[in-house]
Amino acid sequence: MVNKTTFETVTSGSYLLHLNIVMIGEHNNLSVGILVNSNAVLACPKGGLLLPYEPVKRYRLCSIDGVVNVKTGDSIQIHTMEENMTVRLHQVSLFKMVLLHATN
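The opening residue of the sequence shown carries number 1 in UniProt numbering; numbering runs sequentially from there.
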């Protein structure tokens, strides 16, 4: 099952998006993406960044930064791009949307 989390924009404009999240899985092609209205706009590299410490070798770090232009009511989604993976929400997990420039 592929899961997603959705946010709705309340102001049109340019937004800086930042996502930092830990992925857990047995294979190396784990990936998470950010979608606008179900269209992929940003994604971390397949497999993310490997955590080199022995107790956490199954864990991968995904970090995404980018600027997107959206309209009021657009849907911003955080979406797992692979099946059979877990996203771990803990102290280093973070999602931010910062409005850089509002438009009419």
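Built from N, CA and C at the ideal position, the CB exists for glycine as well.
Ranking Ile-34, Ile-24, Lys-46 by CA distance to the CA of Thr-6 puts Ile-34 first. The alpha carbon of Cys-62 has as its nearest neighbour, out of Thr-72, Leu-42, Val-22, the alpha carbon of Val-22.
Around the beta-carbon of Leu-100, fewer than 16 other beta-carbon atoms lie within 10 Å, marking it exposed. The alpha-carbon of Arg-58 is positioned some 10 Å away from that of Leu-30. DSSP, reduced to helix, strand and coil, places Met-97 within a strand of the structure shown.
Around the beta carbon of Gly-73, fewer than 16 other beta carbons sit within 10 angstroms, so the residue counts as exposed.
Counting the other Cβ atoms within 10 Å of the Cβ of Ile-24 gives fewer than 16, which makes it exposed.
Annotation for His-18: Asp-65, Lys-96 place their beta carbon closer than 6 Å to its own, counting only its chain and skipping 5 residues before and after.
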